[in-house]
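First up is the structure itself, then whatever we jot down about it.
Chains as they are written, first to last, in the numbering used here: chain E, 5 to 116; chain X, 127 to 239.
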């Protein structure tokens, strides 16, 4: 059974810092992994999707890496801004199912 | 392109009543998913439609929950009768293909009193 852990659970940083959010998963048999952000009272916004054959994906100031064999993914946010404040969720998709398995998320606060 | 739309955004009902949640996926997305988050827990999968067929309903908690997707367009999730532990946020998501990114709606916050 897939289990996803995100560390840290919460993070507070001053504006401008580069930061790394960590995601680990117990079953390496994944098809892809998706990173989302969730703003309070809102749905999930897709940030990046990495296929299992890929090592990383980049979108603007965001870079996500995937090490499937070790069950790890990281989301790197460069030059953080107050607008980046949200909860970040990672969700791997199993090889044989269409299910995304979510972690509890990392709640990020970027202070101006 | 319009996003995934969910109705209502909030619903407060009494234990034993019935509630129906609706999801309109992004046009052209054959895959439709229901997820929910109950208080303090992580988001969990409920079921997956491909067009009008249920591909996987292994996450449905019990037979009080019924999901339909007639005609392969919008979907409904009915809870009957509702129990206190059904309270939470119900999310709908859609994707164009099985391996495409999922796009989520804003969710329906259900409170059962």
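Glycine included, C-beta positions come from ideal geometry on N, C-alpha and C. Predicted model only: the values in this text are computed from it and were never measured.
Local conformation of residue i per DSSP, three classes
| i | result |
| --- | --- |
| residue 172 of chain X | strand |
| residue 207 of chain X | coil |
| residue 1 of chain E | A question about residue 1 of chain E goes unanswered here, because the residues of chain E that appear run from 5 up to 116. |
| residue 196 of chain X | helix |
| residue 150 of chain X | strand |
| residue 156 of chain X | coil |
| residue 212 of chain X | helix |
| residue 105 of chain E | coil |
| residue 43 of chain E | coil |
| residue 162 of chain X | strand |
| residue 96 of chain E | strand |
| residue 36 of chain E | strand |
| residue 78 of chain E | strand |
| residue 130 of chain X | coil |
| residue 115 of chain E | strand |
Interface residues of chain X facing residue i [CB-CB closer than 8 angstroms]
| i | result |
| --- | --- |
| residue 100 of chain E | Correct list: empty, because the minimum Cβ distance to chain X is about 10 angstroms. |
| residue 38 of chain E | 227 and 228 |
Listed by chain order, chain E residues near residue i by CB distance under 8 angstroms
| i | result |
| --- | --- |
| residue 160 of chain X | Chain E residues near residue 160 of chain X: none, gap ~11 angstroms exceeds 8 angstroms. |
| residue 157 of chain X | 102 |
| residue 182 of chain X | 101, 102 and 103 |
Residues near residue i in its chain [Cβ-Cβ closer than 7 angstroms; skip 5 each side]
| i | result |
| --- | --- |
| residue 12 of chain E | 110 |
| residue 161 of chain X | 169, 170, 171, 172, 217 and 219 |
| residue 178 of chain X | 195, 196, 197 and 198 |
| residue 233 of chain X | 132, 215, 216 and 217 |
Proximal residues to residue i (C-beta, below 6 angstroms), its chain only, five neighbours per side dropped
| i | result |
| --- | --- |
| residue 186 of chain X | 172 and 173 |
| residue 91 of chain E | 42, 109 and 111 |
| residue 222 of chain X | 155 |
| residue 138 of chain X | 237 |
Partner residues on chain E for residue i, Cβ-Cβ distance less than 7 angstroms
| i | result |
| --- | --- |
| residue 210 of chain X | Ordered by position in chain E, no residue passes the 7 angstroms Cβ test against residue 210 of chain X, which lies about 22 angstroms from the chain. |
| residue 232 of chain X | 46 and 47 |
| residue 229 of chain X | 50 |
Under 7 angstroms by beta carbon: chain X residues contacting residue i
| i | result |
| --- | --- |
| residue 108 of chain E | 168 |
| residue 53 of chain E | 227 |
Residues that residue i contacts on chain X, provided the C-beta gap is smaller than 9 angstroms
| i | result |
| --- | --- |
| residue 5 of chain E | What residue 5 of chain E touches in chain X: nothing, since even the nearest Cβ is about 12 angstroms away. |
| residue 67 of chain E | Those do not exist, as residue 67 of chain E stays about 17 angstroms from chain X at its closest Cβ, beyond 9 angstroms. |
| residue 35 of chain E | 224 and 225 |
Bridge partner(s) assigned by DSSP for residue i
| i | result |
| --- | --- |
| residue 182 of chain X | X:174 |
| residue 49 of chain E | E:41 |
| residue 145 of chain X | X:205 |
| residue 26 of chain E | E:11 and E:78 |
| residue 235 of chain X | X:136 and X:215 |
| residue 70 of chain E | E:77 |
CB of residue i within 9 angstroms of CB of residue j, strictly
| i | j | result |
| --- | --- | --- |
| residue 85 of chain E | residue 19 of chain E | yes |
| residue 153 of chain X | residue 235 of chain X | no |
| residue 176 of chain X | residue 149 of chain X | no |
Neighbouring residues, chain E, relative to residue i (Cβ below 9 angstroms)
| i | result |
| --- | --- |
| residue 174 of chain X | 101, 102 and 103 |
| residue 171 of chain X | 101, 102, 103, 104, 105 and 106 |
| residue 217 of chain X | 47 and 48 |
Neighbourhood of residue i by C-beta, 8 angstroms cutoff - its chain only, sequence neighbours within 5 removed
| i | result |
| --- | --- |
| residue 63 of chain E | 51 and 52 |
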